[in-house]
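Chains as they are written, first to last, in full-length UniProt numbering: chain A, 1 to 335; chain B, 1 to 335. This report refers to the structure that appears directly beneath it.
Protein chains: 2
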Amino acid sequence: MVKIAIDAMGGDFGPEPIVTGCIQALKKKKFIPILVGKKDEILPLLPRRYRGKISIVDTDDVISMSDAATDAVKRKDSTIYKAMDLVRDGEADGVVSAGHSGATMTLATLRLGRLEGVSRPALAALMPTKNHRRSILLDVGANVDSKPEHLAQFAIMGGCYAEDMFDIDKPSIGLLANGEEKSKGNEVTKATYKILEGYKGFAGNVEGGDIFNGSTDVIVCDGFVGNLVLKSSEGVASTVSGLIKEYIRKSPVSITGALLMRKVFKLLKKQMDYEEVGGAPLIGIKGCAIVSHGKSGPKAIKNAIFQAIDYTETGVNEHIIKRIADLNEKQSTKG
Amino acid sequence: MVKIAIDAMGGDFGPEPIVTGCIQALKKKKFIPILVGKKDEILPLLPRRYRGKISIVDTDDVISMSDAATDAVKRKDSTIYKAMDLVRDGEADGVVSAGHSGATMTLATLRLGRLEGVSRPALAALMPTKNHRRSILLDVGANVDSKPEHLAQFAIMGGCYAEDMFDIDKPSIGLLANGEEKSKGNEVTKATYKILEGYKGFAGNVEGGDIFNGSTDVIVCDGFVGNLVLKSSEGVASTVSGLIKEYIRKSPVSITGALLMRKVFKLLKKQMDYEEVGGAPLIGIKGCAIVSHGKSGPKAIKNAIFQAIDYTETGVNEHIIKRIADLNEKQSTKG
Chain A
1 MVKIAIDAMG GDFGPEPIVT GCIQALKKKK FIPILVGKKD EILPLLPRRY
51 RGKISIVDTD DVISMSDAAT DAVKRKDSTI YKAMDLVRDG EADGVVSAGH
101 SGATMTLATL RLGRLEGVSR PALAALMPTK NHRRSILLDV GANVDSKPEH
151 LAQFAIMGGC YAEDMFDIDK PSIGLLANGE EKSKGNEVTK ATYKILEGYK
201 GFAGNVEGGD IFNGSTDVIV CDGFVGNLVL KSSEGVASTV SGLIKEYIRK
251 SPVSITGALL MRKVFKLLKK QMDYEEVGGA PLIGIKGCAI VSHGKSGPKA
301 IKNAIFQAID YTETGVNEHI IKRIADLNEK QSTKG
Chain B
1 MVKIAIDAMG GDFGPEPIVT GCIQALKKKK FIPILVGKKD EILPLLPRRY
51 RGKISIVDTD DVISMSDAAT DAVKRKDSTI YKAMDLVRDG EADGVVSAGH
101 SGATMTLATL RLGRLEGVSR PALAALMPTK NHRRSILLDV GANVDSKPEH
151 LAQFAIMGGC YAEDMFDIDK PSIGLLANGE EKSKGNEVTK ATYKILEGYK
201 GFAGNVEGGD IFNGSTDVIV CDGFVGNLVL KSSEGVASTV SGLIKEYIRK
251 SPVSITGALL MRKVFKLLKK QMDYEEVGGA PLIGIKGCAI VSHGKSGPKA
301 IKNAIFQAID YTETGVNEHI IKRIADLNEK QSTKG
């Protein structure tokens, strides 16, 4: 059975939503959960009947959001470090953490190591689209100043993820650029285009709007760009929802209207909600790490655990190793 | 009186909305409009009483959206080329075009030239924010692969625009990056940070979400990044509105609710609508060029004309020349 190590302490709201999410996951799926954190804080949150089903790895140190990610390697007793080492030692298959995302990515990369042939792991965001599917945007923050070879690998890794996790036969892979024409892009994306040209599923350049219209399954970019796209998109959504609320409050008629539209807003929220996917997978490492939002509630943690189980069971990592080897071979023949 | 040359043909819907927008502007403000385009198509759209107030520069050639921007320099009879040359020859002060934006930027830069000391002009988008103001995001597409020196100049130019056009005393200027800490950013933004450090109004790094929360007046980025942020933000807004419409249609109760909420949606649309600002100024050229959306209706054209008039009257260009000289001097002393 799949074993998932869960950082019980790292989230913004302490262990409560994380332990609750873990229990909710256990009610739905069979897996072995290992909570990593302060035992005396976790134990009181566990109903007696779950105590036998969930093991706890007791540790005191929690990397806080204000700590530097670079210090993470020294914090050997931190929840994230211990969770990664459970995977490293074969005692767990994957990690879910709502803690310091920089530390999670650094420790996953350093303690678990990269998959054979992979130069840089990439963080993938599962974005909501118009046609009710998710598009895979990567990298959204694991790397800045990526080179064309890195972006090409992100394309391959995103494609494998789409095939195995979303069951898409021939995922389309787009390169994020400032125009669809081949001539568009910056120096890095133009060079990436040349590497990917002719690759199965490569759909050429795609634009910012294509992330949300569902036209492309996998969208590749540098982590600096991906982070900005992600944060600005969240900013738009939050501004729109803030303005709607502000305008509604100004008129009783609108308040009535909003009450009648409750179902619409609920469906919309469900569609846009990051809690529905639970977290962003760091793709390209030996093992599995799901980076969840610091503000994750139980639902997000539950879904992140489901993602980690799926990730492990589908064998996406073996798939990636094979495809990256193909790419690297083609590249060396070309060069 | 300020003279504005208007590309009458370039928009997606032909001359009608552009001529109408021009007349609407004339009803509100005193200026001298010069419509550049096919006289026999424009004239029938002009009510008799406006024929004496609007002059027409007759030309047949229209650069279409599918043409390459690089060909624009050869199209000496095109509406955009002729409009720019009116400014070059002192017969107009500014240009408004809803035509080929690449051609407009290229011709503005080549025919009008850059302001003294300016290395690269930048296209500025006026973004809606939570607190009902507009933030200035630049560059959104005039340049890719900008160097730190370019980004620093964008910061100065954006600051001058905010002071003169938005009447902000001490505009705050942020550098778009993947985190607020000074250590965040890519190679280019980190080097830009060093140039801008200590500059009046420089607020350090800002994140994607800050574009829409109104915390910063001017936000600086490379044109590749700015284009992606702009397009993906439009994508989110259009996806949210599409989903709301889809969900509303599914239930009669929601339809009633939506009717009662009409005023809310109208206010929201007004707030987010690009037609309210009319277009994006290309900052850093000798003269003034407002790049409007191809789909601009009369309101957008009217507002773009108002922006061009304001731009000319406030003397923002002289302001930019002075500030850029200060920056370049400081840079050469530092170096």
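Positions of the beta carbon are idealized from the N, C-alpha and C atoms, including for glycine. Fair warning: this is a prediction, and the values are worked out from it, not measured in the lab.
Original post:
Which residues bound the alpha helix (DSSP H) around B:R262?
Top reply: 262-272
Subject >> Identity of the residue in B:G52, B:I56, B:K245 nearest B:I34 by Cα >> reply: B:I56
Subject >> B:T79 beta carbon less than 8 Å from that of B:D12 >> reply: no
Original post:
Does the distance from the CB of A:P171 to the CB of A:V118 come in under 8 Å?
Top reply: no
Original post:
Is the beta carbon of B:P121 less than 8 Å from the beta carbon of B:L282?
Top reply: yes
Original post:
Could you give the uninterrupted runs of the beta strand (DSSP E) lying entirely in the region 125-159 of chain A, keeping only those of 3 residues or more?
Top reply: 134-138
**OP:** Tell me, to the nearest whole angstrom, how far the beta carbon of A:L267 is from that of B:Y247; I am working on the premise that it is less than 8 Å.
**Re:** 5 Å
Subject >> Near-chain B residues of the region 224-252 of chain A - C-beta to any C-beta below 8 Å >> reply: F224, V225, N227, L228, V229, L230, K231, S232, S233, E234, G235, V236, A237, S238, T239, V240, G242, L243, I244, Y247, I248, S251
**OP:** Give the DSSP bridge partners of B:S55, in chain order.
**Re:** B:I34
Original post:
Is the Cβ of B:I136 closer than 8 Å to any Cβ of chain A?
Top reply: no
Original post:
Is A:F224 helix, strand or coil when you go by DSSP?
Top reply: helix
Subject >> Sequence-distant residues of its chain with Cβ nearer than 6 Å to residue 354 of chain A (five each side left out) >> reply: Absent from the structure is residue 354 of chain A, since the part of chain A shown begins at 1 and ends at 335.
Subject >> In chain order, each beta strand (DSSP E) run of at least 3 residues that lies wholly inside the region 232-313 of chain A >> reply: 280-283, 289-291
Original post:
If you measure beta-carbon to beta-carbon, which residues of the region 151-183 of chain A are closer than 7 Å to chain B?
Top reply: L176, N178
**OP:** Use the C-beta contact count for B:A68: other C-beta atoms within 10 angstroms, 16 or more gives buried, fewer gives exposed.
**Re:** exposed
Original post:
Do we get a CB-CB distance below 8 Å when we pair B:E91 with the residues of chain A?
Top reply: no
**OP:** Kindly say whether A:I211, judged by its beta-carbon, lies nearer than 8 Å to any beta-carbon of chain B.
**Re:** yes
Subject >> Selected residue, minimal CA-CA separation from residue 347 of chain B, among B:V264, B:G102, B:N303 >> reply: This structure gives no information on residue 347 of chain B, because the portion of chain B shown stretches from 1 to 335.
Subject >> Nearest candidate by alpha-carbon position, reference B:D222, set B:G214, B:C22, B:T189 >> reply: B:T189
**OP:** Starting from A:D145, find everything on chain B with Cβ-Cβ shorter than 8 Å and list it in chain order.
**Re:** N186, E187
**OP:** Report the neighbours of A:K263 on chain B: residues whose CB is nearer than 8 Å to its CB, in chain order.
**Re:** Y247, S251, V253, S254
Original post:
Going along chain B, which residues have a C-beta under 9 Å from A:T129?
Top reply: T239
**OP:** Compare the beta carbon distance of B:M272 and B:A237 with 8 Å and say whether it is the shorter of the two.
**Re:** yes
**OP:** Return the first residue and the last residue of the beta strand (DSSP E) that A:D7 is part of.
**Re:** 3-7
Subject >> Residue nearest to A:E275 in terms of C-alpha spacing, selected from A:V253, A:N143, A:G113, A:F306 >> reply: A:F306
Original post:
Do we get a CB-CB distance below 8 Å when we pair A:E149 with the residues of chain B?
Top reply: no
**OP:** Taking A:L268 as the query, report the chain B residues whose CB atoms sit under 8 Å from its CB, ordered along the chain.
**Re:** V240, L243, I244, Y247
Original post:
Cα separation between A:D40 and B:V220?
Top reply: 48 Å
Original post:
Under 7 Å Cβ-Cβ, which residues of chain A neighbour B:A280?
Top reply: Per Cβ cutoff of 7 Å: no residues; B:A280 is ~14 Å from chain A at best.
Original post:
Is B:L112 closer than 8 Å to B:A72 when the C-beta atoms are compared?
Top reply: no
**OP:** List the DSSP bridge partners of B:V218.
**Re:** B:I136, B:I173
**OP:** Compare the Cα-Cα distances from A:N213 to each of A:P298, A:A103, A:R323, A:S135 and report the closest residue.
**Re:** A:S135
Original post:
How would you list, in chain order, the residues of chain A whose beta-carbon sits under 9 Å from the beta-carbon of B:A258?
Top reply: G257, L260, M261, V264
Subject >> Between the CA atoms of B:H132 and A:T239 - distance to the nearest angstrom >> reply: 10 Å
Original post:
If we count Cβ pairs, one from each stretch, closer than 8 Å, do we get three or more for the region 173-189 of chain A versus the region 151-168 of chain B?
Top reply: no
Original post:
Per the contact definition of three or more C-beta pairs closer than 8 Å, is the region 307-317 of chain B in contact with the region 156-169 of chain B?
Top reply: yes
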